[in-house]
Amino acid sequence: MSIGRTGSGGGSTPLSQQIQNPQTSKEPVVIGQIAVARVPSSDRVEVGATDGVQAPRPSNLDRRGVAAVEAALRSQGIDPNKAVANVSGYLARAPDDFRTRRDGPPTIQWHPSFFQKAGPLCGVGTLTEFKTRNEAFDAIALRRAGGAQGHVFLVTIGTSVDGKSSGWMLAEYTESRLGKVDLTELSVAGLPLGGRPNQSSAETYVVDGRGHLGQLRMNGQDWRLEELARQGSQLVPKSRGAPAFRLELHGQKLDEPAPVADSLPWVVPSTKTNHGKNVQFTPSIAFRPGPSIDELGKTLAWIDANLPKHVKVKAGGSLHSWSPVAATNGVFIHPEGIRFISSLTGAEADRFGARKLDPKSAENLFRIGSGTQIREINRRLWDEFGKALPVLGGFDGQTIGGVLPTGTHGSVLSSGPLASMIRSIDLVRSDGQKVRIEPSAGPTDPDAFRATHSGWELVQDNSSFSASLVNMGTLGVVHSYVVEAKDKFFLNEVRTETTFAKSIQTLEGGNIYNLTETSDRAAKPTSRRFEGHPERAFHLELLFNPHGERVVVTSRQPTKLTGEEPPAEKPGRDLFRALGTPDRFDRPDLPTWITENFHDFVGNIGTTLGKLIPKLTPGIVDRALASMSDAGYFGRSYNVFNIGDGANQIPSLSGTLFVPLEGDKYLRAMEIIQRTAAELVENTGEYHNGPISLRFVKGSDAHLASQEDVASFELIFAGNPPHAETHMKAYYEALRKELGPESVRVHFGQLLQKLEPASVFDGLPKADAWKKFRNELDPNARFVNEWQARALSA
């Protein structure tokens with residue numbers, strides 16, 4: 141685009157003289173910062189910048205400059221409206237709306253290899269208007285023919301300040317010093333509204349340093365760059381394998397892997413940031429397999445054959461985890477394509493290779509893809525099959541492949557973590573081998589399985605199955621689970637207030653077993669109860685202020701439907717809808733409406749006030765707890781388990797620690813946590829700015845879950861306070877010091893970053909057996925990321 145620095149004489153020529161006496165040689169006509177030169181022995185001109193580096197952006201042109209450029213072009217026999225075919229580069233015209241754009245040209249980053257950092261490409265061109273897409277492509281062809289072969293070009297639909305499309309725009313970027321830019325590792329930001337792939341009519345194209353053309357398309361949550369070819373005025377998919385991924389380490393080039401076959405579901409990788417904004421990573425390669433396990437197997441087999449063994453592979457979920465267990469700068473497997481739900485009955489049972497089960501047992505079994513969101517599972521089980529999951533956590537936006545392997549749980553003492561409902565697991569190992577893992581009496585018939593699943597491995601062993609239930613994603617990529625549901629049921633929720641001291645008095649002496657339903661203990665008569673709650677609650681949970689006395693007690697009890705069925709929607713989505721709903725079908729209107737509609741404000745206001753006036757923090761937490769008390773809420777089980785979309789979207793960080801119920805250790809833990817919170821205030825001036833949730837979970841056979849009944853302390857930090865991880869570490873170390881390392885366990889999906897990685901296995905007596913099984917299934921540690929490697933190194 142640039143044609144070199146012009147002389148000072150040219151720059152001092154009066155504007156009127158420049159236009160009236162245009163140059164007919166290569167000496168440019170200079171108009172302000174714009175240079176227009178005729179190419180000798182040609183009917184073409186070049187439009188460039190006087191600084192020799194940066195061509196002018198349309199936003200820098202005033203009306204006089206635009207008119208001058210048009211006049212200069214016309215004086216040389218060039219019609220500005222038809223100049224694209226004759227101009228080597230861009231037609232430097234700028235309609236009014238371009239000049240008033242507040243954003244600059246899009247930015248492009250290129251990540252050339254696993255071992256080099258991504259860096260921005262330097263923009264040297266200007267956003268320019270063309271009437272058609274092919275005019276823009278013709279301009280690119282001329283630029284490449286004129287010496288810009290290694291440059292990168294972006295073509296997109298512009299958008300004016302009023303949101304209307306304003307023609308085709310084009311930007312140019314220099315080649316990278318790291319090599320010739322290709323389509324595999326590009327990320328694009330700052331596109332105008334009209335060019336963003338999530339807009340229905342959007343079109344955005346990139347021409348890389350090799351001259352390959354790709355179109356940005358939305359594919360699930362991310363953008364995919366699909367390579368195309370020009371056939372006349374048409375664009376058609378290019379028949380080729382995806383570009384090979386270049387691998388370099390300290391300047392030494394490794395063996396070039398084979399190109400990714402067209403049949404593999406590769407997508408353009410993008411930076412991932414979790415819900416709490418405390419974990420961020422950028423994969424080098426990304427795939428989004430569909431529901432077929434064969435596609436997943438082929439993808440992992442290609443990785444195994446073509447990428448070095450130290451390149452890590454992690455499968456993702458909904459990015460709602462606060463821990464780094466799914467982070468990787470290697471290969472990322474997007475989950476959302478592996479999304480399906482099917483009843484393990486009839487033809488599906490035959491395809492699965494199921495045993496002959498009695499009809500009642502079979503109708504409760506469902507095969508579910510690991511990328512399926514919990515909210516979709518809840519809705520479809522209820523509406524299509526009349527079923528429900530027996531227990532849930534407080535959020536339904538995660539994928540089932542995210543909640544199960546991290547040990548997510550509810551607060552039902554008759555049930556273990558959510559992984560306890562798993563009956564069978566289909567996963568793919570790092571070499572592409574498909575494996576099914578079940579207990580000895582699992583739902584698969586070995587003979588039927590061999591007949592229908594050629595090349596698979598079937599493992600039916602209680603210990604192997606227990607080791608697979610909670611695994612942090614380190615065994616392979618799970619394709620699907622078979623889970624056991626139950627008949628749909630309704631829950632009635634009651635929330636009341638009490639004090640910290642009264643809670644201790646009510647619960648001490650093992651009284652928790654008399655206040656809740658359990659599967660293996662008979663209740664004893666007791667006069668110590670939480671007023672207003674069932675004698676033996678199905679679900680029991682306490683929320684307490686770490687800096688005060690206020691406690692909110694929540695119970696949820698299965699209840700028969702005696703009148704009209706409550707709405708299917710989750711509670712309190714909208715204030716006006718809520719005001720028209722019977723009280724028993726909803727939660728408190730105003731607090732719910734505020735959290736639903738102003739979740740960012742709610743999350744950050746407490747943090748901001750806490751920073752400005754720290755001593756306000758205990759009162760803020762108290763008032764938040766007080767707003768939760770209500771006389772009752774009745775609804776579908778999955779809606780009552782859910783704490784609400786608004787509450788789940790409030791910016792927060794969370795860490796969970798488990799302490800045994802035996803010997804009332806968890807009551808000592810409550811006091812230790814309050815004392816530690818006070819010490820942190822005294823020593824650092826930093827307050828814990830959220831409530832602490834106390835829930836109860838039955839012991840599990842899973843190797844990486846507590847085998848004994850435990851209390852779960854979820855330490856909630858509103859907003860994203862910088863001291864959250866430091867506080868989490870302080871609670872963890874205080875509990876380990878006073879209760880013993882064997883009595884404190886962690887939640888693998890929540891804050892772990894400041895904890896000593898190897899210590900997370902101290903309270904898990906079956907951890908060594910789990911490590912042995914993990915190493916057998918994944919001997920090259922392909923699925924072990926950096927944090928997990930440090931945890932497993934001890």
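To convert, take the position in the sequence shown, counting from 1, and add 140; that gives our numbering. Backbone N, C-alpha and C fix where the C-beta goes; we use that ideal spot for every residue, glycine too.
Span of the alpha helix (DSSP H), counted from its first residue to its last, around residue i
{"i": "G542", "result": "540 to 543"}
{"i": "L917", "result": "907 to 917"}
{"i": "L509", "result": "Reading off the sequence, residue 509 comes out as Gly, not Leu. Here G509 belongs to no alpha helix (DSSP H); instead the beta strand (DSSP E) covers 505 to 509."}
{"i": "T277", "result": "Checking the sequence, you will find Phe at residue 277 rather than Thr. Residues 273 to 285."}
{"i": "L875", "result": "864 to 879"}
{"i": "V761", "result": "757 to 766"}
{"i": "S458", "result": "Neither: S458 is in no alpha helix (DSSP H) and is coded neither H nor E."}
{"i": "I433", "result": "433 to 446"}
{"i": "I783", "result": "Looking at the DSSP string, I783 is not in any alpha helix (DSSP H), and its letter there is neither H nor E."}
{"i": "S933", "result": "No alpha helix (DSSP H) holds S933; DSSP gives it neither H nor E."}
Buried or exposed by the 16-neighbour rule on C-beta atoms within 10 Å, applied to residue i
{"i": "T639", "result": "exposed"}
{"i": "E822", "result": "exposed"}
{"i": "R922", "result": "buried"}
{"i": "L765", "result": "buried"}
{"i": "E865", "result": "buried"}
{"i": "E435", "result": "buried"}
{"i": "R930", "result": "exposed"}
{"i": "E367", "result": "buried"}
{"i": "T666", "result": "exposed"}
{"i": "E940", "result": "Given that the chain is displayed from residue 141 to residue 934, the structure contains no residue 940 and the question cannot be resolved."}
{"i": "S135", "result": "Nothing about residue 135 can be read from this structure; the chain reaches only from 141 to 934."}
{"i": "S461", "result": "buried"}
{"i": "N920", "result": "exposed"}
{"i": "R350", "result": "exposed"}
{"i": "D536", "result": "buried"}
{"i": "K412", "result": "buried"}
{"i": "K574", "result": "buried"}
Pair within 9 Å by beta-carbon distance, residue i and residue j
{"i": "L558", "j": "L567", "result": "no"}
{"i": "R563", "j": "E624", "result": "yes"}
{"i": "Y806", "j": "H687", "result": "no"}
{"i": "D849", "j": "S560", "result": "no"}
{"i": "L844", "j": "W910", "result": "yes"}
{"i": "I832", "j": "I812", "result": "no"}
{"i": "V552", "j": "K755", "result": "no"}
{"i": "L615", "j": "L932", "result": "no"}
{"i": "R776", "j": "F888", "result": "no"}
{"i": "V531", "j": "S510", "result": "no"}
{"i": "L895", "j": "K869", "result": "yes"}
{"i": "A581", "j": "Q600", "result": "yes"}
{"i": "S846", "j": "T796", "result": "no"}
{"i": "V465", "j": "M612", "result": "yes"}
{"i": "D327", "j": "V451", "result": "Checking the sequence shown, residue 327 turns out to be Ser, not Asp. It is not a contact, given that the beta carbons lie outside the stated cut-off."}
{"i": "Y653", "j": "L459", "result": "no"}
{"i": "N829", "j": "I783", "result": "no"}
{"i": "S482", "j": "E503", "result": "no"}
Nearest-angstrom Cβ-Cβ length linking residue i and residue j, presumed shorter than 8 Å
{"i": "L312", "j": "R283", "result": "The identity of residue 312 in the sequence shown is Glu, whereas the question assumes Leu. Confirmed, Cβ separation roughly 7 Å."}
{"i": "I478", "j": "P429", "result": "6 Å"}
{"i": "E854", "j": "S794", "result": "6 Å"}
{"i": "Q538", "j": "G457", "result": "6 Å"}
Per DSSP, the bridge partner or partners of residue i
{"i": "N632", "result": "Q697, F774"}
{"i": "G795", "result": "L855"}
{"i": "L353", "result": "V347, L368"}
{"i": "V691", "result": "T638, F684"}
{"i": "G263", "result": "Y313"}
{"i": "I577", "result": "I565, V599"}
{"i": "T584", "result": "A494"}
{"i": "H679", "result": "R696"}
{"i": "I248", "result": "V328"}
{"i": "Q513", "result": "T539"}
{"i": "R661", "result": "Answer by DSSP bridge pairing: none, since R661 is not bridged."}
{"i": "L553", "result": "DSSP output for L553 lists no bridge partner at all."}
Contact with chain C by residue i, beta-carbon distance below 9 Å
{"i": "K877", "result": "Included in the structure is just one protein chain, with no chain C present."}
Residue span of the beta strand (DSSP E) that contains residue i, given as start and end
{"i": "R815", "result": "Not the beta strand (DSSP E): R815 falls in the alpha helix (DSSP H), residues 805 to 824."}
{"i": "H619", "result": "617 to 624"}
{"i": "K88", "result": "Within the shown structure, residues of the chain are numbered from 141 to 934, placing residue 88 beyond reach of any answer."}
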